[in-house]
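J.: The following block contains the structure, expressed as structure tokens.
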Amino acid sequence: VQLQASGGGLVQLGGSLRLSCAASGSSFGLYYMAWYRQAPGKQREWVATVAAGGNTNYAATVEGRFTISRDNAKNTVYLQMNSLKPDDSAVYFCNARSCAWVMYWGQGTQVTVSS
137 VQLQASGGGL VQLGGSLRLS CAASGSSFGL YYMAWYRQAP GKQREWVATV
187 AAGGNTNYAA TVEGRFTISR DNAKNTVYLQ MNSLKPDDSA VYFCNARSCA
237 WVMYWGQGTQ VTVSS
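Residue numbers for the sequence shown follow our numbering, beginning at 137 and rising by one.
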């Protein structure tokens with residue numbers, strides 16, 4: 137599976153962005169898809185997951201502001217980010233995980249929130 141993330145950029149405090157991650161390869165619908173992020177000097181942290189069946193989970197820091205979704209027909213996962221804060225600034229990575237816990241990573245897209 138190859139993953140290509142896009143949609144990052146510079147946004148002001150309180151603004152919104154939508155990230156996309158397009159996946160190549162087969163069986164996209166069987167993968168758990170997730171977003172992670174990594175700020176400078178910090179460890180990579182999990183943001184949200186959407187399961188193959190559509191169930192979603194979110195980190196407490198983004199719950200209520202971010203929405204993860206997937207379009208299996210387009211092999212794409214999205215992250216809608218609203219009410220953005222400077223602490224949300226990071227490189228955002230797309231992740232795919234198979235049921236056998238094989239994981240794939242995209243190249244990352246930069247999100248910068250100015251105050």
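All residues carry an ideal CB built from backbone N, CA and C; glycine is no exception.
1. Take residue 166 as the anchor and find which of 218, 241, 208 and 219 has the nearest alpha-carbon.
2. Spell out the partners DSSP gives residue 229 in its beta bridges.
3. Going by alpha carbons, who is nearest to residue 172 out of 148, 229, 234 and 160?
4. Beta-carbon within less than 6 Å of residue 206's beta-carbon, same chain only, minus the 5 sequence neighbours each way: which residues are those?
5. Do residue 222 and residue 249 have their beta-carbon atoms positioned less than 8 Å apart in this structure?
6. Under a three-way DSSP split, which group does residue 220 fall into?
7. If we call anything under 8 Å between Cβ atoms a contact, is residue 150 one with residue 219?
T.: So, to answer that:
1. Put simply, of 218, 241, 208 and 219 the residue whose alpha carbon is nearest the alpha carbon of residue 166 is 208.
2. As a beta-bridge residue in DSSP terms, residue 229 pairs with 172.
3. Comparing C-alpha distances from residue 172 to each of 148, 229, 234 and 160 shows the shortest one belongs to 229.
4. Here the set comprises 169, 186 and 213.
5. Yes; because the gap between Cβ atoms is below 8 Å, this pair is in contact.
6. Three-state DSSP puts residue 220 in coil, outside helix and strand.
7. Remark: C-beta atoms of residue 150 and residue 219 approach each other more closely than 8 Å.
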